[in-house]
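Enquirer: Below are the structure tokens for one structure; questions will follow.
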Amino acid sequence: MPTYRVFVYGTLKRGEPNAHIMSNPKTGKHKFVGGAVTKEAYPLFVAGQWNIPFMLGEEGKGFRIHGELYDVDEAKLKALDTLEGHPTVYQRTLRPVIPDGKNANDDDAVEEVWMYTLKSEVVKSNDNLI
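Numbering-wise, the sequence shown is residues 1 to 130 according to the UniProt record's numbering.
Have a look at this one:
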């Protein structure tokens with residue numbers, strides 16, 4: 001059974017409001033791998049009624065984002081896609097991260113993992129986010 005490595009930076013992290021979706025065995029299997037930081041900088045802002053963090057996929061702008069890595073099965077990945085509104089609201093793309101404890105200068109330290117970024121069209125069309 002294939003597994004997918006996913007980077008989460010907001011409400012899906014341990015102790016956050018949507019962590020139960022990650023940990024719920026009814027939505028598939030998951031394994032916490034550890035912390036990580038994005039290799040590149042991205043815009044991250046907190047907005048909306050519930051102060052939710054949103055990361056945009058505009059590489060090179062903003063800051064390097066700290067988050068958590070999980071290995072998930074296909075069922076869990078589909079549950080995450082549903083939660084994030086992929087591909088309509090968020091898009092899931094492969095992006096480089098550096099796991100905690102690895103040296104950013106080592107070529108083998110960088111991992112390509114799945115992460116969700118808010119689509120720029122959603123930001124432009126939603127007055128509650130800006």
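The beta carbon of each residue, even a glycine, is placed where N, CA and C say it ideally should be.
Just to confirm, is the Cβ distance from Pro2 to Glu74 under 8 Å?
Expert: yes
Enquirer: Give every residue of the same chain whose Cβ lies closer than 6 Å to the Cβ of Gly10, excluding the five residues on either side of it in the sequence, and list them in chain order.
Expert: Pro53
Enquirer: Tell me whether the beta-carbon of Thr117 lies closer than 8 Å to the beta-carbon of Met22.
Expert: No.
Enquirer: Residues bridged to Ile52 by DSSP?
Expert: Ala47
Enquirer: Are the CB atoms of Val6 and Val97 within a distance shorter than 8 Å?
Expert: no
Enquirer: Hey, quick one: how far does the alpha helix (DSSP H) through Met22 stretch, first residue to last?
Expert: Ala19 to Ser23
Enquirer: Please report how far the alpha carbon of Lys102 lies from the alpha carbon of Arg14, in whole angstroms.
Expert: 21 Å
Enquirer: According to DSSP, is Thr82 part of a helix, a strand, or is it coil?
Expert: In the displayed model, Thr82 falls within a helix according to three-state DSSP.
Enquirer: To which residues of the same chain is Lys119 closer than 7 Å at the C-beta, ignoring the five residues directly before and after it?
Expert: These residues qualify, in order along the chain: Val89, Tyr90 and Gln91.
Enquirer: In angstroms with no decimal places, state the Cα-to-Cα distance between Leu80 and Gly28.
Expert: 10 Å
Enquirer: My assumption, with CB atoms under 8 Å, is that Glu59 sits in contact with Tyr42. Please give the rounded CB distance.
Expert: 6 Å
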